[in-house]
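Enquirer: Protein chains in written order, with my numbering: chain G, 1 to 443; chain Y, 1001 to 1253.
C-beta: ideal position from N, C-alpha, C; glycine also.
Predicted, not measured: the structure shown is a model, and the values here were computed from it.
One structure, as structure tokens, below. Some questions next.
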């Protein structure tokens, strides 16, 4: 390995981590990791001149030297909370600092679905040739490369042909790091839904409050012809953590994908979604809610590529920003030549609750087909004074009125969440953040 | 119940109310009429405490207390209700939830126990009948996608639930066809009682055929220039407002 190149790219500590990995007997894996590391070494981390990262302040993250997690365990009550306090009915796979926690996981044998630790699935030969949706030249990012170069463990989910899996699968990544010793994990998830399969996946990322650590996650999803996946993603990291996530989805013919991404934690959060509609008549519905306070930077970059005809994509992202927090929404819809009859729609709405809060919103369309229907829009504003007065004129206190209107702003995203335990957890969070918000879903 | 003395108020530094006097007793219905821009809606909003309306002089006593010192929600809890000319749409908040929260805030203020969901829904069912409001609308988001008539009915429905001592109706007839007007007016009439006072602000005499007032006042350029009984409304209907624009303030007949 080229230590000088690594040093030049600011990657010394990552090089150590790369070299410290246990050797693998899988040639394809070694080659995959090596290629990723070489790309990373060449590109380095993005800088302020990199268009796609211009609004994402990576300085602290790049400067921090992250160690490997050192065996410290997070408090059990935080783990329970992230697992919805037992209210979740389904399969649960728990990772602590990247290590599979069998004692905390509840996996039942279920027909139609294979759920394995990624390391086991790789050893079984289930993964070779299937990992790496994100590595295609156009979709790779330095952080996805870092994950590929360094991931050790993760989850493999395969839903079999035509299987309708009714109980949702919950993958929980809990991180913890002692004060002064930040650590990093690189969780990797691969989900393959075979032809006509249907399932619901929930991902949670979290850790105890106040701790500094770095989660660099990659989730890859392949939906074969006619497959349907509901995907809920909750980012509930420590308010001082760094969270970078790459989510890559490929849809084949008439597949349907729905994403619900809720971003609450981390001092710096970056979610990059990359959805490729690669089969005729496929549909993607992407919903997101980011709720920031204090000095948080919460960044969502979505890229939806229509490569085939008759595809449809719907995007609704909402931000609620308080304190000095900053939201970033960058949405790109790309319609390839030949992707005729594409129907694409993209909206970003933001609510600023303080004078210091800020949002950068950039919805973009790039259209190279001539028979398409595409719309996009973005609005940012404060609570409507007329609505506030209306509620107060009926007897609601000012705080209660603000809480209710803020809740109402979030409610269409919350209301769509298809898993009751997730909906309840988010409702409880909103109630705690906005003390006067309702304790139950309304309207 | 309500004593307004020499009330002066501005909007964006422009004086609108220029010394308004009005006295309203429990059980009375007062109509405030006047040409566009005379200050009718400003009066309604000042009484409800809308931000952006600055009181520059005078006083308003409500049940012996200084009304203007109270925040909008405190006025509501003390029994003041404003039926809006343009009710606000609040997507994402159901009518029922909103109204239950409002009613319980008022009840708490009055030292009454909060209503639980069952009792509240029974109350809603009963009061929805007052203005023939479809119960499906009650469960929908506040005013969202309601027709003009449904919004006005919803205002009176809210009034029925919240049971105010002083109801201020701001142009409640505007935008209503004759059937909707009749339903809304019937609703208000059902809510008339010896303990409650009603102040209606309206441009047209039409509403007063359905809700017959005890007193009619004419507001011109921020002052009440003429007061009388219900027959005054008919005179205004015939003669218009122009002849009053020079009339001396405080004249009475």
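Whose Cβ in chain G lies nearer than 9 Å to the Cβ of residue 1224 of chain Y?
Expert: Ordered by position in chain G, no residue passes the 9 Å Cβ test against residue 1224 of chain Y, which lies about 24 Å from the chain.
Enquirer: Contact between the region 1029-1045 of chain Y and the region 1150-1165 of chain Y: three or more CB pairs below 8 Å?
Expert: No, the region 1029-1045 of chain Y is not in contact with the region 1150-1165 of chain Y.
Enquirer: What would DSSP say about residue 4 of chain G, mapped onto helix, strand or coil?
Expert: Three-state DSSP puts residue 4 of chain G in a helix.
Enquirer: Cβ closer than 9 Å: which chain G residues qualify as neighbours of residue 1084 of chain Y?
Expert: Within chain G, the residues near residue 1084 of chain Y are 390, 393.
Enquirer: Of all Cβ atoms in chain G, is any one closer than 8 Å to the Cβ of residue 1063 of chain Y?
Expert: Residue 1063 of chain Y does not count as touching chain G.
Enquirer: Which whole runs of the alpha helix (DSSP H) in the region 1186-1245 of chain Y are 4 residues long or more, in chain order?
Expert: The qualifying runs are 1206-1210, 1231-1239.
Enquirer: In chain G, which residues lie less than 7 Å from residue 1050 of chain Y when you measure between Cβ atoms?
Expert: The contacting residues are 389.
Enquirer: Just to make sure I have the definition right: I need the residues of chain G whose C-beta is within less than 8 Å of the C-beta of residue 1072 of chain Y. Which are they?
Expert: 389, 392, 393, listed in chain order.
Enquirer: Counting C-beta neighbours from all protein chains within 10 Å, is the total for residue 243 of chain G 16 or more, i.e. buried, or is it exposed?
Expert: Buried.
Enquirer: From this set, Y:1067, Y:1220, Y:1155, which residue's C-alpha is nearest residue 1142 of chain Y's C-alpha?
Expert: The shortest C-alpha separation from residue 1142 of chain Y is found at Y:1155.
Enquirer: Tell me whether the region 277-286 of chain G and the region 243-259 of chain G touch, counting them as touching only if at least three CB pairs, one residue from each stretch, are closer than 8 Å.
Expert: With a cut-off of 8 Å, the region 243-259 of chain G and the region 277-286 of chain G count as touching, because enough Cβ pairs lie within range.
Enquirer: Taking only beta-carbon positions, decide if residue 1128 of chain Y is within less than 8 Å of chain G.
Expert: So no, residue 1128 of chain Y is outside the interface.
Enquirer: Strictly under 8 Å for the Cβ-Cβ distance: is residue 276 of chain G near chain Y by that measure?
Expert: Not an interface residue.
Enquirer: Residue 352 of chain G lies in the beta strand (DSSP E); which residues open and close that run?
Expert: Residues 343-352.
Enquirer: Under the DSSP definition of a beta bridge, which residues are partnered with residue 216 of chain G?
Expert: In DSSP, residue 216 of chain G forms a bridge with G:244.
Enquirer: Tell me which residues of the region 282-302 of chain G have at least one Cβ-Cβ distance to chain Y shorter than 9 Å, keeping chain order.
Expert: Residues: none.
Enquirer: Compare the beta carbon distance of residue 142 of chain G and residue 43 of chain G with 8 Å and say whether it is the shorter of the two.
Expert: It is a contact, given that the beta carbons lie within the stated cut-off.
Enquirer: Measuring alpha carbon to alpha carbon, tell me which residue in Y:1086, Y:1140, Y:1232, Y:1063 is nearest residue 1075 of chain Y.
Expert: Selected option, being the one with the closest Cα: Y:1063.
Enquirer: Counting contacts by CB-CB distance shorter than 8 Å, is residue 381 of chain G in contact with chain Y?
Expert: Residue 381 of chain G does not count as touching chain Y.
Enquirer: Compare the Cα-Cα distances from residue 82 of chain G to each of G:172, G:97, G:126, G:118 and report the closest residue.
Expert: Looking at the Cα atoms, G:172 is the closest of the given residues.
Enquirer: Can you give the Cα-Cα distance for residue 1135 of chain Y and residue 301 of chain G, rounded to whole angstroms?
Expert: So the two alpha carbons sit approximately 43 Å from each other.
Enquirer: Alpha carbon to alpha carbon, how far is residue 188 of chain G from residue 149 of chain G? Give it in angstroms, no decimals.
Expert: Computed Cα separation, rounded: 11 Å.
Enquirer: Report the CB separation of residue 344 of chain G from residue 306 of chain G in whole angstroms; it is logged as a contact under 8 Å.
Expert: About 6 Å separates the two Cβ atoms, so the contact holds.
Enquirer: Can we say the region 1052-1061 of chain Y touches the region 365-382 of chain G, given the rule of at least three CB pairs closer than 8 Å?
Expert: No: fewer than three Cβ pairs fall under 8 Å.
Enquirer: Helix, strand or coil for residue 122 of chain G? Go by DSSP, reduced to three states.
Expert: Residue 122 of chain G falls in the helix class under three-state DSSP.
Enquirer: Which first and last residues belong to the alpha helix (DSSP H) in which residue 21 of chain G is found?
Expert: Taken as a continuous stretch (DSSP letters only), residue 21 of chain G belongs to no alpha helix (DSSP H), as it is neither H nor E.
Enquirer: Along chain Y, which residues have their Cβ under 9 Å away from the Cβ of residue 429 of chain G?
Expert: In chain order: nothing, as chain Y lies at least about 17 Å away.
Enquirer: Can residue 421 of chain G and residue 110 of chain G be called in contact, C-beta distance under 8 Å?
Expert: No, these two residues do not count as a Cβ contact at 8 Å.
Enquirer: Helix, strand or coil: which one does DSSP assign to residue 306 of chain G?
Expert: The answer is strand: DSSP assigns residue 306 of chain G an E or B state.
Enquirer: Cα separation between residue 72 of chain G and residue 1080 of chain Y?
Expert: Roughly 60 Å between the two C-alpha positions.
Enquirer: With 8 Å as the threshold, decide whether the Cβ of residue 409 of chain G is near any Cβ in chain Y.
Expert: So, interface residue.
Enquirer: Output the distance between the C-alpha atoms of residue 1099 of chain Y and residue 425 of chain G, rounded to the nearest integer angstrom.
Expert: One C-alpha to the other measures close to 25 Å.
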